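Read top to bottom, the protein sequences are chains A and B. The first sequence begins at 1 in the working numbering and counts up one residue at a time. The second sequence begins at 1001 in the working numbering and counts up one residue at a time. Each remark here refers to the structure printed beneath this line.
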Amino acid sequence: GQQVMQIPQYQHVQEGEDFTTYCNSSTTLSNIQWYKQRPGGHPVFLIQLVKSGEVKKQKRLTFQFGEAKKNSSLHITATQTTDVGTYFCAGGRNTGGFKTIFGAGTRLFVKA
Amino acid sequence: EAGVAQSPRYKIIEKRQSVAFWCNPISGHATLYWYQQILGQGPKLLIQFQNNGVVDDSQLPKDRFSAERLKGVDSTLKIQPAKLEDSAVYLCASSPRQGTAARTDTQYFGPGTRLTVL
């Protein structure tokens, strides 16, 4: 079945360092969504990418969707302690029904 | 706009007991999802409703889990009987639509119900 793999599983950074998480799908996606889950909280939608090669920015966050629509990345520039949490990618696919499959997430730890 | 409501927030039961969770999606949202999130893992879809019809329940353990969405609004998820491995957070999410031809829809999550099975 369709798999959405996410790496790394964990990342420890010093405040001010950059952070990147990568998402890879075994099949072509119609879209990719990114969610953030703070410790003890629930996933909160960040952004959606639909087009091949698309790049979107939200302040210090940069999201990319691969040309083949099979991979995506989230890059945070100059991390802050408020960035702490788990970042999930969620691949969307329309195969006789709309399905979204979440990756396992990358947990980000930021040391002040 | 009120968010997705879930209750209870926490539940502790013994194995082989039954439990039910309730979800009230955002008003007007057609699609409702139930996810199971085991500690340290991503959300795993259990069942997806479009209005009051089931769109996907392929990962729902139907021998013990059941869900319904009467009148296409609120939903309940039941586990009967519970097993130790059912300990997890059960998340409900809703979205305005099922999706379009180009993409799946943004999901809005509730706070979740943390279930502990002893």
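Note that beta-carbon positions come from the ideal geometry of N, C-alpha and C, so glycine has one too. None of the values given here were measured: they were computed from a predicted structure.
Annotation: Cβ neighbours of B:Leu1091 in chain A (cutoff 7 Å, chain order): His42. Bridge pairing for B:Arg1114: B:Tyr1010 and B:Val1089 [DSSP]. Spanning the alpha carbons of A:Gly91 and A:Lys59 requires a straight line of approximately 23 Å. The CB of A:Ala104 comes closer than 9 Å to the CB of Gly1040, Gln1041 and Gly1042 in chain B, given here in chain order. Counting C-beta atoms within 10 angstroms of its own C-beta, A:Thr82 has fewer than 16 neighbours from the protein chains shown and is therefore classed as exposed.
Chain-ordered, the chain B residues with CB closer than 9 Å to the CB of A:Phe45 read Thr1106, Gln1107, Tyr1108 and Phe1109.
Between B:Gln1048 and the set B:Gln1037, B:Ser1027 and B:Leu1060, the nearest pair of CA atoms involves B:Leu1060. A straight line joining the alpha-carbon of A:Thr86 with that of A:Gln80 spans about 14 Å. By the Cβ-count criterion, A:Thr95 is exposed, with fewer than 16 other Cβ atoms from all chains shown falling within 10 Å of its own Cβ.
When rounded, the separation of the alpha-carbon atoms in B:Gly1028 and B:Pro1096 is 7 Å.
A contact is defined here as three or more CB-CB pairs under 8 Å, and the region 1077-1087 of chain B fails this definition with respect to the region 1102-1111 of chain B. Listed along the chain, the chain A residues whose CB falls inside 9 Å of the CB of B:Gly1112 are Gly41 and His42. Taking a contact to require three or more Cβ pairs closer than 8 Å, the region 1010-1026 of chain B and the region 67-74 of chain A do not qualify as touching. The alpha carbon of A:Ile101 has as its nearest neighbour, out of A:Phe109, A:Asn31 and A:Leu46, the alpha carbon of A:Asn31. B:Asp1056: member of the beta strand (DSSP E) spanning Gly1053 to Asp1056, first to last residue. Taking A:His75 as the centre and dropping the five residues before and after it, the same chain places the C-beta of Thr20 and Thr62 closer than 6 Å to its C-beta, in chain order.
When 8 Å is used as the limit between beta carbons, A:Phe65 is near no residue of chain B, the shortest such separation being about 11 Å.
Per the C-alpha coordinates, the member of B:Gly1040, B:Gln1050, B:Pro1043 and B:Gln1006 positioned closest to B:Ala1030 is B:Gln1050. Taking a 10 Å sphere around the C-beta of B:Ile1079, we find 16 or more other C-beta atoms and assign the residue as buried. When CB distances to chain B are screened at a threshold of 9 Å, the residues of the region 65-88 of chain A falling below it are Thr86 and Phe88, in chain order. Nearest to B:Gln1006 by alpha-carbon distance, out of B:Thr1104, B:Gly1072 and B:Cys1092, is B:Cys1092. Between A:Gly103 and B:Gly1042 a beta carbon distance of about 5 Å is seen, short of the 8 Å cut, so the two are scored as contacting.
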